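Written out below as structure tokens is the structure these notes cover.
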Amino acid sequence: MSVQEVPQGRLRTPFCARLAALDTLNSWHTWKGYTVPDALYCADTEYFAIRNSTGVFDLTPMTKYRIKGPDALVYIDRLVTRDMSKIRPGRVAYAVWCNDQGQVIDDGTIFHLKEGEYRLCSQERHCAWLMDSAIGLDVSITDETAEVAALAVQGPTSFAILNRMGIEGLDELKPFGLMHVDFQGTELMVSRTGFTGDLGYELWLDPDRAEFLWDTLFAAGEISGIRAIGTDALEHARIEAGYIAAYIDFLPAHATVRTGRTRSPLELGLDWLVDFKKPNFNGRRALAEEKRSGSTWRLVKLDIEGNKPAHHAYIFADAKARRNIGFVTSAAWSPVCKQNIALGTVRTPHGNPGSTLWVEIFYQREMHWSRKMARAEVVDKPFWFPKRRGLTPPDLV
Amino acid sequence: MTDRYDAIVIGAGHNGLVCSALLAKAGKKVLVLEANDQVGGAAVTREFASGYSVSACAHLLYQLQPKVRKELGLSAKPASDRMRNVALSRNGKHVRYSDGAVTGVSDGDARSYRQFHRQMTRFADLLNTYLNLTPPRLGTSEFRDLATLARLGVDLRRLGRDDMRTFLRLIGINIHDEVTERFETPLLRGAVSFDAVLGTHLGPRSPNTIMTYLYRLAAGHGQLSVPRGGMGALAEQLAQVARTAGVTVRTNMPVKRIVVENGRVAGVETAGGERFDSLIAVSNADPKRTIMELVGTRHVETGFTRRINNIRMRGNAAKLHLALDGLPTISGLAKTEFGDRLVIAPDEHYVERAFNPAKYGESSPEPVIEMTIPSFRDPSLAPTGKHVMSCVVQYAPYALEGGWTEATKDAFAKTCIGTISEYAPDLESRITASELLTPADIEREFHITGGHWHHGELALDQFLFVRPVCGAAQYRMPLDGLYLCGAGAHPGGGVSGAAGRNAAKYILRERAA
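Heads up: the protein sequence lines correspond to chains S and W, in order. Per our numbering, the first sequence starts with residue 1, numbered consecutively. Per our numbering, the second sequence starts with residue 398, numbered consecutively.
Okay, structure coming up:
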């Protein structure tokens with residue numbers, strides 16, 4: 001019997017050598033088995049690259065499944081809550097999927113690559129659930145996480161940089177669109193997607209060509225302020241965009257033990273993703289019942305007074321902290337909005353947009369703790385939604 | 398052109414017939430579609446050799462619920478009633494037991510058995526109450542569910558402290574421990590062990606085989622009978638009751654699919670392409686076949702699909718039918734005793750050893766066998782002076798390594814006949830025809846996935862609140878208009894009618910609400 005070498009410890013993405021070359025902090029963590037940087041030189045600088053020039057984020061560890069076969073559409077339509085028959089080839093859909101109890105397992109993006117062929121991307125791994133969902137259907141599921149290298153290129157100058165790289169047809173690519181182009185002999189998939197809420201693209205290709213893509217991209221982006229970024233900067237940007245994250249703003253249903261710790265899409269403000277016109281999808285019966293009888297929780301976006309980020313703060317209905325109604329799950333000072341922002345979870349019926357809530361912020365100065373009850377307005381729209389995000393073609397800046 | 402019904406029952410098994418009759422009695426317009434040319438499902442009598450007929454699958458009646466009998470007015474006189482069990486011994490010193498009395502054992506064992514039977518029937522009576530009720534849903538605030546749960550708690554308490562503790566101790570454990578603790582006679586140990594594992598993929602040392610034993614005793618304390626004309630006669634009678642109540646029963650109508658429109662049942666389509674409309678489809682088919690084949694997983698959710706797909710239902714019991722030109726000779730057996738139930742299970746280890754190969758996809762080289770000679774009391778089943786022998790043989794795993802072929806079937810039939818011949822030496826010379834139905838044959842002929850006579854293993858994780866699966870144990874499936882009424886639903890298999898009756902009551906109650 002021959003002994004097969006299996007990788008021990010953390011995996012390296014195809015861009016790892018390039019990231020390491022730029023790294024000055026040596027601050028890394030694991031993302032689904034891969035080594036990824038928290039930040040490479042300074043999280044703040046990297047964040048400002050996203051908002052003012054272009055940040056490049058290695059998202060290869062993102063879980064990717066290829067779903068194809070005659071029943072692919074039936075399969076996906078039953079898996080997720082939104083109507084996938086409306087997502088034509090060449091389009092991307094943000095979607096959420098639930099268990100039979102209508103509780104969110106995860107959210108992610110589904111790329112309709114070509115007729116009857118999809119790629120599902122998510123933060124978590126879902127092999128068992130996806131395989132079980134395939135029982136009785138003619139569809140194949142392949143985990144292609146390691147077979148596809150992926151980069152997010154995000155920021156106001158991202159269009160100009162990719163244009164300069166010679167990617168044709170980019171000016172016609174609308175938000176949530178995808179296209180396949182020839183990149184010096186390799187197929188490159190470009191999608192106008194991202195996790196920053198800004199103008200931006202994601203590039204997908206064969207890992208063997210990953211470094212070549214990186215080098216070409218950075219050469220083209222040098223005069224446009226391109227910068228590699230780590231997850232800290234991205235985390236900041238996604239809160240501004242109002243995007244929720246698994247294990248932070250909700251717990252994947254499969255990861256919970258206690259009852260009542262899961263959330264439904266209705267409770268996460270994702271009602272717009274739930275299409276009750278579909279006769280069947282996972283969670284439909286339970287969600288229809290929840291819609292009838294009312295939800296327990298509501299996700300809120302908070303605009304908080306002051307400049308102390310409300311990390312893990314309790315949320316109260318009144319300034320005297322008598323009625324505890326929830327807690328903050330993500331919080332940040334937003335430099336670009338000049339706002340103290342947060343995402344949180346409150347019990348219904350609290351949290352109507354426009355209403356005022358109170359958060360209890362603790363902060364430390366030279367060891368001593370201070371407490372502040374801060375007024376928080378519930379807002380409806382994402383904190384950051386620049387016009388350039390929806391513009392086709394985007395401005396060449 | 399389509400016909401519209403209040404409910405369509407898929408399969409004229411005994412539960413389907415009971416359910417349809419009760420629905421029709423309540424004024425519903427009901428259609429029953431049966432794939433085979435006879436009604437009865439696994440409760441049928443058919444000719445297996447010229448002039449010889451036999452109950453082709455189930456062959457003993459001991460679980461028919463008195464409530465079913467009463468509500469449907471079933472009154473036929475059985476051919477044999479109060480049959481005794483004879484655990485055969487090679488030296489002719491057989492052990493005979495029925496209704497708590499046992500002979501052929503020491504005085505101590507006789508006392509122990511009486512005590513054992515008294516306790517077991519007491520527990521079985523408790524169980525039986527709940528076999529005739531829709532299991533309560535857990536985690537709801539519905540009054541009916543809470544009331545049933547509360548009643549279960551009270552009933553348990555009313556056993557008294559000692560018996561309640563014993564019940565809770567026994568319900569999950571195996572029959573082997575109990576028989577070895579209570580009895581010294583190997584034959585008695587073997588026979589009781591066998592009674593507990595009949596029709597299951599379990600051996601005497603497998604967990605929850607006391608629960609299966611209680612299940613066997615629940616409806617009639619284990620008293621055995623055979624209807625005149627075989628089990629098919631009971632099915633015919635049920636069909637007659639159903640027809641009289643206004644049910645349309647159609648045979649040779651295999652259902653191809655349950656039509657789902659806009660996320661709910663809209664009707665049923667047969668293999669012949671006929672479409673029947675109804676907003677209610679009640680499936681007498683097993684849960685796996687119902688969901689995976691008739692409905693299609695695309696119409697239900699993933700979690701439910703996974704649970705249904707994982708139902709354990711590997712049949713292990715084969716049926717052996719022998720046409721005999723006369724009664725065999727069994728030493729030490731009186732002539733009248735040929736009308737009793739004869740058991741080959743010499744001791745508890747023999748039964749466990751017979752089970753061992755089944756775990757690895759092999760049939761038992763020394764099988765355990767339950768034999769009856771129904772023609773002894775019912776001459777209509779065989780030509781004058783001749784007899785039929787009907788045997789349940791274990792273990793014959795559904796998924797036999799290499800599959801069931803003519804060769805493996807012949808070999809297994811020979812093994813069984815060889816085993817019986819050790820007790821009845823002239824058997825072989827008396828055989829004029831034979832038929833072996835393996836679980837694979839039972840699956841094909843009676844449309845039961847895995848050929849499992851309970852439509853799903855009778856085990857604690859597939860019982861009561863979680864039968865067939867967690868979240869769907871109240872006959873209603875998570876697809877509007879779809880119900881189960883067969884053995885795969887609570888309480889389980891055996892010719893009891895409980896599932897059919899409970900399902901009918903549930904449907905009527907729900908529709909009235």
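A virtual CB, placed ideally from N, CA and C, is assigned to each residue, including glycine. Since the model is a prediction, treat every value here as computed from it, not as a measurement.
Could you check whether Y610 of chain W and D592 of chain W sit closer than 8 Å to each other, using their CB atoms as the reference points? With contacts defined as CB atoms closer than 8 Å, D592 of chain W and Y610 of chain W qualify as a contacting pair.
Helix, strand or coil for N525 of chain W? Go by DSSP, reduced to three states. Reduced to three states, the DSSP call for N525 of chain W is helix.
Mark D106 of chain S as exposed unless 16 or more other C-beta atoms lie within 10 angstroms of its C-beta, in which case mark it buried. Label assigned to D106 of chain S: buried.
Just verifying my parser: in three-state terms, what is the DSSP assignment at H236 of chain S? DSSP places H236 of chain S in helix when its eight states are reduced to three.
Less than 8 Å between CB atoms is the rule here; does H696 of chain W satisfy it with respect to chain S? Taking 8 Å as the CB threshold, H696 of chain W lines the interface with chain S.
8 Å Cβ cutoff met for W129 of chain S and T699 of chain W: Contact flag set, yes.
Measure the C-alpha to C-alpha separation of L524 of chain W and A870 of chain W and round it to an integer number of angstroms. Those two C-alpha atoms are separated by around 17 Å.
Chain S within 8 Å of T687 of chain W, Cβ atoms only: Chain S, which has no Cβ nearer than 8 Å to the Cβ of T687 of chain W, makes this no.
Quick check: the segment 539–554 of chain W against the segment 456–465 of chain W, are at least 3 beta-carbon pairs closer than 8 Å? Counting Cβ pairs under 8 Å, fewer than three are found: no touch.
For a minimum of 4 consecutive residues, which ranges assigned as the alpha helix (DSSP H) are wholly contained in the segment 775–847 of chain W? The qualifying runs are 803–818, 824–827, 836–843.
Beta-carbon of E703 of chain W versus every beta-carbon of chain S: anything under 8 Å? The sequence given here has Arg at residue 703 of chain W, not Glu. Yes, its Cβ sits closer than 8 Å to a Cβ of chain S.
So, under 8 Å CB-CB, P794 of chain W and R703 of chain W are touching, yes? Tell me the CB distance rounded to an integer number of Å. In this structure P794 of chain W is not in contact with R703 of chain W, their Cβ atoms being roughly 24 Å apart against a cut-off of 8 Å.
Are the segment 62–76 of chain S and the segment 249–260 of chain S in contact at 8 Å, needing three or more beta carbon pairs? Because the criterion of three Cβ pairs below 8 Å is not met, the segment 62–76 of chain S and the segment 249–260 of chain S do not touch.
Cα-Cα separation, G9 of chain S to K756 of chain W: Between G9 of chain S and K756 of chain W, the C-alpha separation is close to 39 Å.
How far does the alpha helix (DSSP H) with M608 of chain W in it reach, from first residue to last? Its alpha helix (DSSP H) spans residues 606–615.
Nearest-angstrom Cβ-Cβ length linking V300 of chain S and L287 of chain S, presumed shorter than 8 Å: Not confirmed; about 20 Å, so no contact.
By DSSP, does T348 of chain S sit in helix, in strand, or in coil? T348 of chain S carries a coil assignment under DSSP once its states are collapsed to helix, strand and coil.
Are the CB atoms of A953 of chain W and V465 of chain W nearer to each other than 8 Å? Limits of chain W in this structure are 398 at one end and 910 at the other, which puts residue 953 of chain W out of reach.
Considering only DSSP beta bridges, list what N713 of chain W is partnered with. DSSP, once it has assigned bridges, lists no residue as partnering N713 of chain W.
Determine the chain S residues that contact G660 of chain W at a beta-carbon separation under 7 Å, and present them in chain order. P279, N280, listed in chain order.
May I ask you to report which of helix, strand or coil DSSP gives Q154 of chain S? Three-state DSSP puts Q154 of chain S in a strand.
Rounded to whole angstroms, how far is the Cβ of F385 of chain S from the Cβ of W358 of chain S, which I believe are closer than 8 Å? Contact between F385 of chain S and W358 of chain S does not hold, since the beta-carbon distance rounds to 26 Å and is not under 8 Å.
Assuming W214 of chain S and R18 of chain S make a contact with CB atoms under 8 Å, what is their CB distance in whole Å? Contact check for W214 of chain S and R18 of chain S: beta-carbon distance about 5 Å, within the 8 Å limit, so the pair qualifies.
Can you find at least 3 beta carbon pairs, one from the segment 872–883 of chain W and one from the segment 828–838 of chain W, that sit closer than 8 Å? Contact between the segment 872–883 of chain W and the segment 828–838 of chain W is absent, because fewer than three Cβ pairs lie under 8 Å.
Of the choices S:T157, S:C127, S:T142, whose alpha-carbon is the least far from that of P394 of chain S? Among S:T157, S:C127, S:T142, the Cα nearest to that of P394 of chain S belongs to S:T157.
Cut-off 7 Å between Cβ atoms - residues of its own chain near A49 of chain S, not counting five sequence neighbours on either side: Contacts found: G55, G155, G225, R227, I229.
P67 of chain S at chain W interface by Cβ criterion, 8 Å: The question names Pro, yet the displayed sequence has Ile at residue 67 of chain S. Interface residue (Cβ-Cβ distance to chain W less than 8 Å): I67 of chain S is not classified as such.
With distances taken between CB atoms, is the gap from K481 of chain S to K372 of chain S smaller than 8 Å? Only positions 1 to 397 of chain S appear in the structure, and residue 481 of chain S is not among them; the question remains open.
So which residues of chain W does D100 of chain S contact, with C-beta pairs closer than 8 Å? What D100 of chain S touches in chain W: E698, T699, G700, F701, G868, P875.
Is the CB of E285 of chain S under 8 Å away from at least one CB in chain W? Checking the displayed sequence, the identity of residue 285 of chain S turns out to be Arg instead of Glu. Any Cβ of chain W closer than 8 Å to the Cβ of R285 of chain S would place that residue at the interface, and such an atom is present.
With 8 Å as the threshold, decide whether the Cβ of N713 of chain W is near any Cβ in chain S. N713 of chain W does not count as touching chain S.
What is the rounded straight-line gap between the Cα of L621 of chain W and the Cα of I405 of chain W? Taking the straight line joining both Cα atoms gives about 33 Å.
Is the Cβ-Cβ distance between D744 of chain W and R586 of chain W less than 8 Å? Contact flag set, yes.
Going along chain W in order, which residues have a C-beta closer than 9 Å to the C-beta of D132 of chain S? Simply T699, G700, T702, R703, N706.
Chain S within 8 Å of G693 of chain W, Cβ atoms only: Yes, its Cβ sits closer than 8 Å to a Cβ of chain S.
Among residues of its own chain, excluding the 5 on either side of V346 of chain S, which ones have a beta-carbon nearer than 6 Å to its beta-carbon? When the five nearest sequence neighbours on each side are left out, the beta carbons in the same chain lying within less than 6 Å of the beta carbon of V346 of chain S are those of R298, V300, I315, I325, G326, in order along the chain.
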